[in-house]
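Read the structure below first, then the notes.
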Amino acid sequence: MRTPWLWTPALWVPTALVSALVVPAGAQDEPPTLTELARSSNNLEQIALAFHNLHDANGKFTGNIVDKDGKPLLSWRVALLPYFEQDDLYKQFKLDEPWDSDTNKKLIEKMPKVYAPVRVKAKAGETFYQTFTGKGALFGDKADIKLTDITDGTSNTVLAVEAGDPVIWTKPADLPFDEQKPLPKLGGLFDGVFNVALCDGSVRRVRRKLDPDEFKKAITVAGGEIIDEKKLWK
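Just so you know, the sequence shown maps onto residues -27 to -1, 1 to 207 in mature numbering (1 follows the signal peptide of the UniProt record, and there is no 0).
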């Protein structure tokens, strides 16, 4: 059963920082090693911690960087840079210009290691770490959301995942979510399982052959559903 949100400071201690590793194409077809799974899990822990530091600084989760009319310009992955001690890189971006402007597109090649794939040879500047966007999701119909808005319980609500296909890390592109439609492709890093960061900062492992309806319950922030954990987490 979903539990109400509870602030637990002990959750915000990240594991040891490790460098990302990119290996030759085709390696994703091999069984993932525990080390590789742990590296990607650590990346997601760092991303979750950065999101919470952003929340502490602003009083809310904020998604993509947008213009005055609400049009997305740059990804949330850029917005998190100051919380990865990447202030110098953050200051190089033109925050009032789109991700593919002359200035900003030159920074694609400077993707931080925390966003890099640990085993799949993606194109330079591409990442598998994405959030869900759409009605009911954390970054959905409400522009900014607070921890207290996650009434389904932060330990049962998805923050970020290993998506099925990579995107350019600076581009405001993520996974579309619609409860009435099939889930987008997930788990492009490993065969058989993928990692999910939850809104309490923890990272759980999910089988690729998941129950889609059960996973949709974990995507919504205030749906009031009851999750069968045995069907969802590995």
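Just so it is clear, CB atoms sit at the ideal spot from N, CA and C, and this is done for glycine as well.
For Thr35, the closest of Gln19, Leu22 and Ala52 by C-alpha to C-alpha distance is Ala52. Per the Cβ contact rule, the segment 101 to 115 is not in contact with the segment 66 to 78 (fewer than 3 Cβ pairs under 8 Å).
Per DSSP, the continuous beta strand (DSSP E) segment holding Thr100 begins and ends at Glu99 to Gln103. The three-state secondary structure of Trp142, taken from DSSP, is coil. Following the DSSP letters along the chain, one finds Ala191 in no beta strand (DSSP E) but inside the alpha helix (DSSP H) bounded by residues Pro185 to Ile192. With a contact defined as Cβ atoms closer than 8 Å, Gly160 and Gly137 qualify at about 6 Å. Around the beta carbon of Lys44, fewer than 16 other beta carbons sit within 10 angstroms, so the residue counts as exposed.
If you compare the alpha carbons of Lys78, Val179, Ala146 and Leu111 with that of Phe24, the shortest gap goes to Leu111.
When rounded, the separation of the alpha-carbon atoms in Glu152 and Val140 is 23 Å. One thing to note: Arg178 has its Cβ within 7 Å of the Cβ of Val166. Assignment of Leu7 by DSSP, reduced to helix, strand and coil, places it in the helix class.
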